[in-house]
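Colleague: This is the structure I have questions about; it appears just below.
Laid out in structure tokens, this is it:
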């Protein structure tokens, strides 16, 4: 265990950390790792590079060479390795073209950047070969049938010469010429695909069996010659094993043969951008209290404009009712909730949350303590409420506050309201006792009641603040809006629900991120 005062071994923020997912083809993955290490010497970020290589035992067997290959096990393998890199790297590389056919299913669940190998290839082709229109591709039968090269290099032309297009959009069979956004993707003749290219990689004398010359080299040359005869101006290896033979193969091919592994490595090291195409994920520190958390989530859902399930916000929630009572601590009688709150926020951050919502007014008295120790923002519910008041059509000078004694004592609302030029009105001692009964009493809302005594207490407190001149009243404990009130009383004054305002702010933030 690290000593409390020992120096931290965590990488400096200026060091960019990369993870390489190995095991998807041991030889090809190792080649990508080697070329990434070499490339880091001349294109590394100013602060330096840390590279972690993760390879576990994974054997797909001979079926990987077939169009009918089922990638499910590979999909779970890639997801689990990437998930284990969470919090340890800023960028990850998956040096496997087959895995890129399903990578879009995984990346929304990963909080760091997964470098796209097709982005790397397209950037290099546009930079170095802007006049090229016909690209030869050497890839597995499964990747070829998936149509991913056509999809990523441009939408396929309806006149492409393939045997047929399946209902799910896969291109199957044929000699294969596909027009793709100004680029033509060319594959080897179907017979050479099966008997030359696949044998060169997966056959008994192939690269995966440890052979780097002789028969496998000759078979690759046959596939390349066929692509050139079809008019390919450059050839792109769509298998990470092929670049292992670059030094032997390139001099024998009459057109440029791209080292896709090196291109991927160099592109990854030059990546300096925020994660793209990630769905915003909201972290919710819940359990403070439990019913208010469920109510907050319901409000987020109801406030989101959505036509289908997928249009709603992703939320990760830790319902942690064991966090010590915030009010008890603030009035000097309870444990400090700071560390449990911090630990919960850190777990939400580790799970990929982009921002954190805490549907508890009193808990915001502790936010300033914990915010410096996490790397994502805690959306301030109190500030959102005061912003809401400022945006109201009728100007407000006196704001009533009904909240726990802890919130009132901490003055967290007072400070923000008064900084906006408004006066804060709170109940007198007798009425504040009734507010606390409405919240914590045996028949209070935290005990599961929403009518009866708790309603009577809350209505009396509202009337008390109205008599003192409150023009708007904040129900400053997230359970208070759950209590039923007379409709006539609701019509007399605007009763602000901070959880609803927080939900509005979260939805707006998610839409802005999108």
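In the working numbering, the protein residues as written are 37 to 550.
Yeah, the Cβ is synthetic: ideal placement off N, Cα and C, and Gly gets one too.
Just verifying my parser: in three-state terms, what is the DSSP assignment at residue 90?
Modeller: Indexing the chain shown from 1 puts residue 90 at position 54. Strand, per DSSP.
Colleague: Taking 8 Å as the cut-off, is the beta-carbon of residue 373 closer than that to any non-hydrogen atom of the ligand ADP?
Modeller: No copy of the ligand ADP occurs in the structure displayed, which carries no ligand at all.
Colleague: In the DSSP assignment, find the unbroken alpha helix (DSSP H) run with residue 297 in it and report its ends.
Modeller: The residue you call residue 297 lines up with position 261 of the chain shown. Here the alpha helix (DSSP H) through residue 297 covers 296-305.
Colleague: Counting beta carbon pairs with one atom in the region 457-466 and one in the region 371-384, are three or more of them shorter than 8 Å?
Modeller: Touching, no.
Colleague: Less than 9 Å between the beta carbons of residue 399 and residue 362, yes or no?
Modeller: Numbered from 1 along the chain shown, position 363 holds the residue referred to as residue 399. Numbered from 1 along the chain shown, position 326 holds the residue referred to as residue 362. Yes, these two residues count as a Cβ contact at 9 Å.
Colleague: How is residue 540 classed by DSSP in three states: helix, strand or coil?
Modeller: Against the chain shown, residue 540 aligns to sequence position 504. In the structure shown, residue 540 sits in a helix (DSSP, three-state: H, G or I).
Colleague: Using 10 angstroms around the beta-carbon of residue 245, count the other beta-carbons present and answer buried if the total reaches 16, otherwise exposed.
Modeller: Numbered from its first residue, the chain shown carries residue 245 at position 209. Counting Cβ neighbours within 10 Å, residue 245 comes out exposed, since fewer than 16 surround it.
Colleague: How would you label residue 108, buried or exposed, when you count the other beta carbons within 10 angstroms and need 16 or more for buried?
Modeller: To locate residue 108, count along the chain shown from 1; it is residue 72. Answer is exposed; the Cβ neighbour count stays below 16.
Colleague: With distances taken between CB atoms, is the gap from residue 448 to residue 300 smaller than 9 Å?
Modeller: Counting from 1 along the chain shown, the entry for residue 448 is found at position 412. Counting from 1 along the chain shown, the entry for residue 300 is found at position 264. For residue 448 and residue 300, no; Cβs fall outside 9 Å.
Colleague: Answer with buried or exposed for residue 543, where buried requires no fewer than 16 other C-beta atoms within 10 angstroms of its C-beta.
Modeller: To locate residue 543, count along the chain shown from 1; it is residue 507. By the 10 Å Cβ count, residue 543 comes out buried.
Colleague: Taking the straight line between their C-alpha atoms, what separation do you get for residue 232 and residue 341?
Modeller: Here the question's residue 232 lines up with position 196 in the chain shown. Here the question's residue 341 lines up with position 305 in the chain shown. Whole-angstrom Cα-Cα distance: 53 Å.
Colleague: In whole angstroms, what is the alpha-carbon distance linking residue 157 and residue 100?
Modeller: Here residue 157 is taken as the residue at index 121 of the chain shown, counted from 1. Here residue 100 is taken as the residue at index 64 of the chain shown, counted from 1. Taking the straight line from one Cα to the other gives about 23 Å.
Colleague: Near residue 51, what residues of its chain come up, given a Cβ to Cβ distance below 6 Å and the 5 sequence neighbours on each side ignored?
Modeller: Numbered from its first residue, the chain shown carries residue 51 at position 15. Cβ within range, chain order: 83, 84 and 86.
Colleague: Put residue 73 into one of helix, strand or coil per three-state DSSP.
Modeller: Stepping through the chain shown from its first residue, residue 73 is reached at position 37. If DSSP states are grouped into helix, strand and coil, residue 73 belongs with the helices.
Colleague: Using 8 Å for Cβ pairs, my map puts residue 321 next to residue 381. What's the rounded Cβ distance?
Modeller: Residue mapping note: residue 321 aligns to position 285 of the chain shown, counting from 1. Residue mapping note: residue 381 aligns to position 345 of the chain shown, counting from 1. Rounded, the Cβ-Cβ distance is 6 Å, consistent with contact.
Colleague: Would a C-beta distance cut-off of 9 Å place residue 494 and residue 461 closer than the cut-off?
Modeller: On the chain shown, position 458 is the one that residue 494 refers to. On the chain shown, position 425 is the one that residue 461 refers to. No, Cβ-Cβ distance for residue 494 and residue 461 is not below 9 Å.
Colleague: Can you tell me the Cα-Cα spacing of residue 348 and residue 471, whole angstroms?
Modeller: On the chain shown, residue 348 is found 312 positions in, with the first residue counted as 1. On the chain shown, residue 471 is found 435 positions in, with the first residue counted as 1. Each residue's Cα considered, the two are about 35 Å apart.
Colleague: In angstroms with no decimal places, state the Cα-to-Cα distance between residue 356 and residue 408.
Modeller: In the chain shown, counting from the first residue as 1, residue 356 sits at position 320. In the chain shown, counting from the first residue as 1, residue 408 sits at position 372. Answer to the nearest angstrom: the Cα atoms are 21 Å apart.
Colleague: Could you give the residue range of the beta strand (DSSP E) that holds residue 436?
Modeller: The residue you call residue 436 lines up with position 400 of the chain shown. Counting along the chain, the beta strand (DSSP E) containing residue 436 begins and ends at 434-438.
Colleague: Which whole-angstrom value describes the C-beta separation of residue 336 and residue 351, a residue pair presumed to lie in contact below a C-beta threshold of 8 Å?
Modeller: Against the chain shown, residue 336 aligns to sequence position 300. Against the chain shown, residue 351 aligns to sequence position 315. Sure, about 7 Å apart at Cβ, within 8 Å.
Colleague: Between which residues of its own chain and residue 147 is the CB-CB distance below 7 Å, once the five residues before and five after are set aside?
Modeller: Taking the first residue of the chain shown as 1, we reach residue 147 at position 111. Here the set comprises 122 and 388.
Colleague: Are the beta-carbon atoms belonging to residue 133 and residue 276 less than 9 Å from one another?
Modeller: Mapped onto the chain shown, residue 133 falls at position 97. Mapped onto the chain shown, residue 276 falls at position 240. For residue 133 and residue 276, yes; Cβs fall inside 9 Å.
Colleague: What's the C-alpha gap between residue 358 and residue 510?
Modeller: As a working mapping, residue 358 is identified with position 322 in the chain shown. As a working mapping, residue 510 is identified with position 474 in the chain shown. Each residue's Cα considered, the two are about 26 Å apart.
Colleague: Among 293, 252 and 250, which one has its Cα closest to the Cα of residue 271?
Modeller: Start at 1 with the first residue of the chain shown, and residue 271 comes out as number 235. The option with the nearest alpha carbon to residue 271 is 293.
Colleague: What residues match up with residue 318 in a beta bridge as DSSP calls it?
Modeller: Here residue 318 refers to the residue found at position 282 when the chain shown is read from its first residue. Partner(s): 351 and 391.
Colleague: If you drop the 5 nearest sequence neighbours on each side, which residues of the same chain put their C-beta closer than 6 Å to that of residue 117?
Modeller: Position 81 of the chain shown, counted from the first residue, corresponds to residue 117. Cβ within range, chain order: 57 and 90.
Colleague: Could you check if residue 426 is buried or exposed, using at least 16 other CB atoms within 10 Å of its CB as the buried criterion?
Modeller: The sequence position of residue 426 within the chain shown is 390, counting from 1. Exposed, since its Cβ has fewer than 16 Cβ neighbours within 10 Å.
Colleague: Pick out whichever of 53, 445 and 533 has its Cα sitting closest to the Cα of residue 366.
Modeller: Within the chain shown, numbered from 1, the residue matching residue 366 stands at position 330. Selected option, being the one with the closest Cα: 445.
Colleague: Determine whether the beta carbon atoms of residue 546 and residue 417 lie at a separation below 9 Å.
Modeller: Here residue 546 corresponds to residue number 510 of the chain shown, with the count starting at 1. Here residue 417 corresponds to residue number 381 of the chain shown, with the count starting at 1. Not in contact: residue 546 and residue 417 (Cβ atoms no closer than 9 Å).
Colleague: Alpha carbon to alpha carbon, how far is residue 160 from residue 515?
Modeller: Reading the chain shown from its first residue, position 124 is the one you call residue 160. Reading the chain shown from its first residue, position 479 is the one you call residue 515. Between residue 160 and residue 515, the C-alpha separation is close to 57 Å.
Colleague: Confirm, please, whether the CB-CB distance from residue 424 to residue 339 is below 9 Å.
Modeller: For the purposes of this step, residue 339 is identified with residue 303 of the chain shown, where counting begins at 1. For the purposes of this step, residue 424 is identified with residue 388 of the chain shown, where counting begins at 1. It is not a contact, given that the beta carbons lie outside the stated cut-off.
Colleague: Use the C-beta contact count for residue 227: other C-beta atoms within 10 angstroms, 16 or more gives buried, fewer gives exposed.
Modeller: Start at 1 with the first residue of the chain shown, and residue 227 comes out as number 191. By the 10 Å Cβ count, residue 227 comes out exposed.
Colleague: Pick out whichever of 491, 135, 488 and 162 has its Cα sitting closest to the Cα of residue 150.
Modeller: Numbered from 1 along the chain shown, position 114 holds the residue referred to as residue 150. It is 135 whose Cα lies nearest to the Cα of residue 150.
Colleague: How long is the line joining the alpha carbons of residue 519 and residue 364, rounded to whole angstroms?
Modeller: Position 483 of the chain shown, counting from 1, holds the residue named residue 519. Position 328 of the chain shown, counting from 1, holds the residue named residue 364. Each residue's alpha carbon lies about 22 Å from the other.
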